[in-house]
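Undergrad:
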Ligand code: 5AD
Ligand code: SF4
């Protein structure tokens, strides 16, 4: 039996990237506006699984998550599957998982309340439309109480079609949200408590729009405008594509104090042959040149990247070139993945698929290189003074945890509170976090 009584409580479970976190927050706001209450525990009347499709086993995970939602008495909550698995495999989910009452894609979730009405009337509903008018205009304008750090999706979708990637299919074509709507939403986030905003987009640096006077601007123009919000202390953005690092955006790193010295710039591989097969529109050399320009603008910038090991056809020498690139950049942190064959993408049917044990072995070597550089970067920060934005309490009494400008996790003791910027001196460095001594309380 499926419940048809009006749900009182709901829970959104997020998987995957930061954009899903943002979408999850917007769904939460929609459902609250619809009269439901957010539940803390696992006993909500409505559960939204906000899924990720980027690498394999994602769909399998969704089915096992659905299975786990069955309660001891055999009943199930109302289940909605949202996110990129919903978009890519909505029909299969409906066929395979009778407990699922709603399937809603990432560009259609503003319709969740109407869908809920239909589900309560006993229908199973799928909405994976990608309307050209964007969902954003239909979401409640008010933002819920925010922690000190908040995400703001400014750009969505991707036209780049890297040969391994599902995003152009699950998130659709690139769209940029309008300047005015973003300024408004940023202002609301600040009013709701945010002191730092991370601008999100699959290709965030491809954002384009028109400023208040109708002049065309890029992401740097948007950042400049947001920097004018008095109570907003910090701005970050992610994820950038190397081919869209404009001069203006690079200059922004030198000129805008609120823009944090951190850049996540995925390269994926250090071999030009593999980059070509991946349909990345940059080479190793053009990537390194971009990094040089960014470092010239902001010498202390912390660099981050994404890597895929074992793309089809990757030889030991291709892989060695990736390690060489890592050596020459000196990343502050990076994410690395084994190539995962995604149905429907060109890479899934390429010759030269790599054996699982080779993938394992290359990932291990790559991660060892990244860990080494991450520790070196953190050790290189010792003795520096910086401001830490307090995010939450640490494990020990009196201890706080916050982020440095370079996105390092920093533990320190102080009489601070969440949302404050505390001046510290970095005193101890590990591979994943640092310790610091509070110097004084700052207000800006
Ligand atoms: N296999 C492995 N990693 C992938 N990524 C995207 N698609 C795949 C795939 N099929 C990685 C890329 C991207 C990050 C978000 O996920 O490194 O930058
Ligand atoms: Fe995927 Fe490439 Fe687009 Fe990034 S740029 S979302 S990796 S297709």
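Numbering (the working numbering), first residue to last: 698 to 1141.
Think of the CB as a built atom: it goes at the ideal place given N, C-alpha and C, for glycine as much as any other residue.
Quick caveat: nothing in here was measured; it's all calculated off a predicted structure.
With DSSP collapsed to three states, give me the class of residue 1127.
TA: In the chain shown, the residue the question calls residue 1127 occupies position 430. Three-state result, residue 1127: coil.
Undergrad: So, using beta-carbon positions, are residue 790 and residue 773 closer together than 8 Å?
TA: The count along the chain shown starts at 1 and reaches residue 790 at position 93. The count along the chain shown starts at 1 and reaches residue 773 at position 76. Against a cut-off of 8 Å, the Cβ pair of residue 773 and residue 790 comes out as no contact.
Undergrad: Tell me, please, which residues DSSP counts as bridged to residue 1134.
TA: Numbered from 1 along the chain shown, position 437 holds the residue referred to as residue 1134. For residue 1134, which the question treats as bridged, DSSP gives the partners 1110 and 1122.
Undergrad: Taking contact to mean 3 or more Cβ pairs, one atom from each stretch, closer than 8 Å, check whether the stretch 712-725 and the stretch 743-758 are in contact.
TA: The stretch 712-725, when compared against the stretch 743-758, does touch it at the 8 Å Cβ threshold.
Undergrad: Please confirm whether residue 995 has its beta-carbon closer than 8 Å to some beta-carbon of chain E.
TA: Chain labels in this structure do not include chain E; a single protein chain is all it has.
Undergrad: Who's in the neighbourhood of the ligand 5AD, going by beta-carbon under 6 Å from any heavy atom, listed in chain order?
TA: In chain order, the qualifying residues are 751, 752, 861, 862, 963, 965, 1003, 1005, 1034, 1036, 1037 and 1039.
Undergrad: Return yes when at least one heavy atom of the ligand SF4 lies under 7 Å from the C-beta of residue 900, else no.
TA: Within the chain shown, the letter at position 203 stands for residue 900. Checking the Cβ of residue 900 against the ligand SF4 gives yes.
Undergrad: Taking residue 1003 as the reference, which of 1032, 990 and 993 has the closest Cα?
TA: The residue you call residue 1003 lines up with position 306 of the chain shown. Taking only the C-alpha atoms, the option nearest residue 1003 is 1032.
Undergrad: Taking 7 Å as the cut-off, is the C-beta of residue 714 nearer than that to any heavy atom in the ligand SF4?
TA: Counting from one through the chain shown, the residue named residue 714 turns up at place 17. Because no heavy atom of the ligand SF4 lies under 7 Å away, the Cβ of residue 714 does not count as near it: no.
Undergrad: Using alpha carbons as the reference points, say which of 785, 855 and 844 lies closest to residue 823.
TA: For the purposes of this step, residue 823 is taken as the residue at position 126 of the chain shown. If we check each option's Cα against that of residue 823, 785 comes out closest.
Undergrad: Let's test the definition: count the other Cβ atoms within 10 Å of the Cβ of residue 996 and tell me whether it reaches 16, buried, or not, exposed.
TA: Against the chain shown, residue 996 aligns to sequence position 299. Counting Cβ neighbours within 10 Å, residue 996 comes out exposed, since fewer than 16 surround it.
Undergrad: Can you tell me the Cβ-Cβ gap for residue 984 and residue 939, rounded? I've got them flagged as a contact below 8 Å.
TA: On the chain shown, position 287 is the one that residue 984 refers to. On the chain shown, position 242 is the one that residue 939 refers to. Right, their Cβ atoms sit about 5 Å apart.
Undergrad: When you compare only the Cα positions, how much space is there between residue 769 and residue 741?
TA: Taking the chain shown and counting its residues from 1, one reaches residue 769 at position 72. Taking the chain shown and counting its residues from 1, one reaches residue 741 at position 44. Near 14 Å, if we compare the C-alpha coordinates of residue 741 and residue 769.
Undergrad: Can residue 865 be considered in contact with the ligand MN, in the sense that its beta carbon sits closer than 7 Å to one or more heavy atoms?
TA: As far as ligands go, the structure on display features the ligand 5AD and the ligand SF4 and does not contain the ligand MN.
Undergrad: What do you get for residue 1046, buried or exposed, if any count of 16 or more other CB atoms within 10 angstroms of its CB means buried?
TA: The residue you call residue 1046 lines up with position 349 of the chain shown. With fewer than 16 Cβ atoms within 10 Å of its Cβ, residue 1046 is classed as exposed.
Undergrad: Nearest CA to the CA of residue 796: which residue from 809, 775 and 1084?
TA: Taking the chain shown and counting its residues from 1, one reaches residue 796 at position 99. Of the listed residues, the one whose Cα sits closest to residue 796 is 775.
Undergrad: Between residue 1136 and the rest of its own chain, which residues show a CB-CB distance below 7 Å, the 5 nearest in sequence each way excluded?
TA: As a first step, residue 1136 must be located in the chain shown, where it is residue number 439. Within the same chain, residue 1136 has close Cβ partners 1082, 1120, 1121 and 1122.
Undergrad: Tell me, to the nearest whole angstrom, how far the beta carbon of residue 719 is from that of residue 825; I am working on the premise that it is less than 8 Å.
TA: Numbered from its first residue, the chain shown carries residue 719 at position 22. Numbered from its first residue, the chain shown carries residue 825 at position 128. Actually they do not touch by this definition, with Cβ atoms about 19 Å apart.
Undergrad: Applying the 10 Å Cβ sphere with the 16-neighbour rule, what's the burial state of residue 705?
TA: Taking the first residue of the chain shown as position 1, residue 705 is located at position 8. Exposed, since its Cβ has fewer than 16 Cβ neighbours within 10 Å.
Undergrad: For the alpha helix (DSSP H) containing residue 781, list its first residue and its last residue.
TA: The count along the chain shown starts at 1 and reaches residue 781 at position 84. Counting along the chain, the alpha helix (DSSP H) containing residue 781 begins and ends at 780-793.
Undergrad: Distance check for residue 999 and residue 1148, CA to CA, integer angstroms please.
TA: Here the chain has residues from 698 to 1141 only, and residue 1148 is not among them.
Undergrad: Determine the contact status of residue 855 and residue 975, defining contact as a CB-CB distance below 8 Å.
TA: Residue 855 sits at position 158 when you count from the first residue of the chain shown. Residue 975 sits at position 278 when you count from the first residue of the chain shown. For residue 855 and residue 975, no; Cβs fall outside 8 Å.
Undergrad: Under 8 Å, do residue 1101 and residue 1087 count as touching if we go by C-beta distance?
TA: In the chain shown, residue 1101 corresponds to position 404, counting from 1. In the chain shown, residue 1087 corresponds to position 390, counting from 1. For residue 1101 and residue 1087, no; Cβs fall outside 8 Å.
Undergrad: On a CA-only basis, which of 745, 799, 895 and 1094 is nearest residue 845? Give me that one, please.
TA: As a working note, residue 845 is residue 148 in the chain shown. Of the listed residues, the one whose Cα sits closest to residue 845 is 895.
Undergrad: Let's test the definition: count the other Cβ atoms within 10 Å of the Cβ of residue 1139 and tell me whether it reaches 16, buried, or not, exposed.
TA: Residue numbering aside, residue 1139 sits at position 442 when the chain shown is read from its first letter. Its pLDDT being 48, under 50, residue 1139 is placed unreliably in this model, and the value from its coordinates should be taken loosely. Counting Cβ neighbours within 10 Å, residue 1139 comes out exposed, since fewer than 16 surround it.
Undergrad: If you compare alpha carbons, which of 958, 1018 and 1024 is closest to residue 970?
TA: Residue 970 sits at position 273 when you count from the first residue of the chain shown. The candidate whose alpha carbon is nearest that of residue 970 is 1018.
Undergrad: When you compare only the Cα positions, how much space is there between residue 725 and residue 731?
TA: Taking the first residue of the chain shown as position 1, residue 725 is located at position 28. Taking the first residue of the chain shown as position 1, residue 731 is located at position 34. When rounded, the distance between both Cα atoms is 10 Å.
Undergrad: On the CB-based measure, 16 or more other CB atoms within 10 Å of its CB, does residue 1078 come out buried or exposed?
TA: Taking the chain shown and counting its residues from 1, one reaches residue 1078 at position 381. Flag for residue 1078 reads buried.
Undergrad: Using 10 angstroms around the beta-carbon of residue 1221, count the other beta-carbons present and answer buried if the total reaches 16, otherwise exposed.
TA: Lying before the first or after the last residue shown, residue 1221 is absent from the chain, which here runs from 698 to 1141.
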